[in-house]
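Trainee: Below is one structure. I have some questions about it.
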Amino acid sequence: MEELVEDVLPCDADFDEKVAVYLFHRDVIRYTYIPPRLIKHIYRCKKYRMGDNIFEGKAPVAPFQNSNFDSSILAHLIQQRYVYGMPVERIMKYLNEMGIDIPKATVHGLIEKSADLLDRLTPHLKDAILADPYIHFDETYHTVLDGDKGSRKGYFWSALSHQNNLIQFIYENGSRAKKVFTNYLSGDYKGVVQTDGYSSYKVLEGWNYPKAMRLGCIQHCKRKFIEIQEQPKAQNIIDLYNQFYIIRKKKPKEKWKEESLKVYTDLEQKLRTIDRDPEILPNHILNKATAYCLNELESIYNIIISTDYDLDNNRIERPMRYISISRRNSLFCGSNAGAARTAKLYSLAISCRLNNVNTFSYFKDVIQHLAEHQTMTNEQMRDLLPDKWAE
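For the sequence shown, the UniProt record's numbering assigns the number 391 to the last residue and increments by one with no breaks.
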């Protein structure tokens, strides 16, 4: 934010600054909004002859060949679409008020070309996330148009680096199959992975991932009983899950494992009592909630091992809300290819937000940098990711 200090002198008719003795001042703050503006920058590239030689001025490199739009316009489109959730039609109206009409097809084309250019960062983003010994995973859906078949749910998976706050969205034709997860996270991964209880993540508990440990999500378990809170035994289970948070917040770190293990033991006992109750039918909602939590007991126990582990998977669920906003505002992705581009652009945009990086400044600089440098080392590409990028 720009700061402007303006001295305000008394306006009384009898006041004379040359004679008056300064005492002190008080600051009155007024925030002023200056609307953004577009500039039509004309580079008049002049050509000269000197003897047998011809010299011509060169305009700055544009991100795309034969395009009139520089990286600032592209950064604006990406920021409005993928950070603030504005549909393309609304972005066009906003630009129209600023004095420029860009056809819808052109806007989509610019976003598509930007995604293709930024795709050079995709493998480096994946490598940076997988280098972290603590990763979070989650998945959500977005409506995707499917040609003559109408629309369907297309699933976006996401992986979040706990240490670097880098997130990557993965879209493989909208599939929610386990292979999407296993294709991303290979069996030689060494570290902890925090997830909810979705069955595909259970592969982490088998022989295919001998060096990995899965952490569960206490919030997901608790939510199963919040949804059936009217049941007589539900509140007691909810209170036990809440105890983990109370201990983490109020007890010293060295007491965490001892105190939380007591709660865990009590929780397991009560869940098994419900599970063995002959009066509760297998299809009863209380039994279904209990079955989910019993299946998650081992992954909840893994959380108790260290105070370094989150009690839940909220760290990745919060960024997933950007997909929910898009689902509400834009209604659908136009195709599988469009959904894949959406995943790539969300990955960088939300990684910026998680690292407190200005998204407009980031995309403006990185798009221009990639356009000007066709070949870069792995280290140089790594430095363009949001956690290391600097203006």
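All residues carry an ideal CB built from backbone N, CA and C; glycine is no exception.
Spatial neighbours of Asp146 within its chain, please: CB distance less than 7 angstroms, with the 5 preceding and 5 following residues excluded, ordered by chain position.
Mentor: Taking the first residue of the sequence shown as 1, we reach residue 146 at position 146. Arg152.
Trainee: Determine the direct distance from the alpha carbon of Leu121 to that of Leu267, and round the result to whole angstroms.
Mentor: Here residue 267 is taken as the residue at index 267 of the sequence shown, counted from 1. Here residue 121 is taken as the residue at index 121 of the sequence shown, counted from 1. For Leu267 and Leu121, the distance between alpha carbons rounds to 45 angstroms.
Trainee: If we count the other Cβ atoms within 10 Å of its Cβ and call it buried at 16 or more, is Gln374 buried or exposed?
Mentor: On the sequence shown, residue 374 is found 374 positions in, with the first residue counted as 1. The residue is exposed, with fewer than 16 neighbouring Cβ atoms inside 10 Å.
Trainee: Just tell me which of Leu77, Thr265, Phe332 has its CA closest to the CA of residue 393.
Mentor: Because residue 393 is not part of the residues shown, which for the chain are 1 to 391, the question remains open.
Trainee: How long is the line joining the alpha carbons of Cys221 and Tyr292, rounded to whole angstroms?
Mentor: Position 221 of the sequence shown, counted from the first residue, corresponds to residue 221. Position 292 of the sequence shown, counted from the first residue, corresponds to residue 292. Answer to the nearest angstrom: the Cα atoms are 7 angstroms apart.
Trainee: So, Thr195 versus Arg176, is the Cβ gap smaller than 8 angstroms?
Mentor: Numbered from its first residue, the sequence shown carries residue 195 at position 195. Numbered from its first residue, the sequence shown carries residue 176 at position 176. Result no, Cβ atoms of Thr195 and Arg176 do not sit closer than 8 angstroms.
Trainee: Would you tell me roughly how many angstroms separate the C-alpha atoms of Gln385 and Val83, rounded to the nearest one?
Mentor: As a position in the sequence shown, residue 385 is number 385, starting the count at 1. As a position in the sequence shown, residue 83 is number 83, starting the count at 1. In the sequence as presented, Gln is not what sits at residue 385; that position holds Leu. So the two alpha carbons sit approximately 17 angstroms from each other.
Trainee: Got a sec, what are the start and stop residues for the alpha helix (DSSP H) Gly136 sits in?
Mentor: Locating residue 136 in the sequence shown gives position 136, where the first residue counts as 1. Reading the sequence as shown, one finds His at residue 136 and not Gly. From DSSP, His136 is part of no alpha helix (DSSP H) but of the beta strand (DSSP E) over 134 to 145.
Trainee: Which first and last residues belong to the alpha helix (DSSP H) in which Gln219 is found?
Mentor: Locating residue 219 in the sequence shown gives position 219, where the first residue counts as 1. Taken as a continuous stretch (DSSP letters only), the alpha helix (DSSP H) holding Gln219 covers 218 to 226.
Trainee: Restricting to Cα atoms, I'd like to know which of Arg318, Ala390, Lys364 is closest to Ala75.
Mentor: To locate residue 75, count along the sequence shown from 1; it is residue 75. Closest option to Ala75, Cα to Cα, is Lys364.
Trainee: Are the region 274 to 281 and the region 253 to 261 touching, with three or more C-beta to C-beta distances below 8 angstroms?
Mentor: Cβ pair count under 8 angstroms is below three, so no.
Trainee: Thinking C-beta only, is Leu354 closer than 8 angstroms to Ile237?
Mentor: Mapped onto the sequence shown, residue 237 falls at position 237. Mapped onto the sequence shown, residue 354 falls at position 354. It is not a contact, given that the beta carbons lie outside the stated cut-off.
Trainee: Under 6 angstroms Cβ to Cβ from Asn329, same chain only, skipping five residues before and after it: list those, please.
Mentor: Numbered from its first residue, the sequence shown carries residue 329 at position 329. Cβ neighbours of Asn329 beyond the five flanking positions: Gly85, Pro87.
Trainee: Tell me, to the nearest whole angstrom, how far the beta carbon of Ala159 is from that of Ile135; I am working on the premise that it is less than 8 angstroms.
Mentor: Within the sequence shown, the letter at position 159 stands for residue 159. Within the sequence shown, the letter at position 135 stands for residue 135. Between Ile135 and Ala159 the Cβ distance is about 6 angstroms, and since that is below 8 angstroms, they are a contact.
Trainee: From what residue to what residue does the beta strand (DSSP E) around Arg272 run?
Mentor: Within the sequence shown, the letter at position 272 stands for residue 272. Segment 256 to 276 is the alpha helix (DSSP H) holding Arg272; no beta strand (DSSP E) there.
Trainee: What does a CB cutoff of less than 7 angstroms around Leu297 pick up in its chain, not counting 5 residues either side in sequence?
Mentor: Sequence index remark: in the sequence shown, residue 297 carries index 297 (1-based). Closer than 7 angstroms at Cβ, skipping near neighbours: Glu268.
Trainee: Leaving aside the five residues before and after Ser347 along the sequence, list all residues of the same chain whose C-beta is less than 7 angstroms from its C-beta, in chain order.
Mentor: As a working note, residue 347 is residue 347 in the sequence shown. The answer, listed in chain order, is Leu125, Ile167, Gln168, Phe169.
Trainee: Just reading off the alpha helix (DSSP H) that Glu379 is part of, what are its end residues?
Mentor: Working through the sequence shown from its first residue, we reach residue 379 at position 379. Looking at the DSSP string, the run of the alpha helix (DSSP H) that includes Glu379 is 378 to 382.
Trainee: Does the distance from the CB of Lys367 to the CB of Pro63 come in under 8 angstroms?
Mentor: Residue numbering aside, residue 367 sits at position 367 when the sequence shown is read from its first letter. Residue numbering aside, residue 63 sits at position 63 when the sequence shown is read from its first letter. Looking at the sequence shown, residue 367 is not Lys but Ile. Yes, the Cβ-Cβ distance between Ile367 and Pro63 is below 8 angstroms.
Trainee: Taking the beta strand (DSSP E) that Ile39 belongs to, which residues open and close that run?
Mentor: Counting from 1 along the sequence shown, the entry for residue 39 is found at position 39. Here Ile39 belongs to no beta strand (DSSP E), and DSSP marks it neither H nor E.
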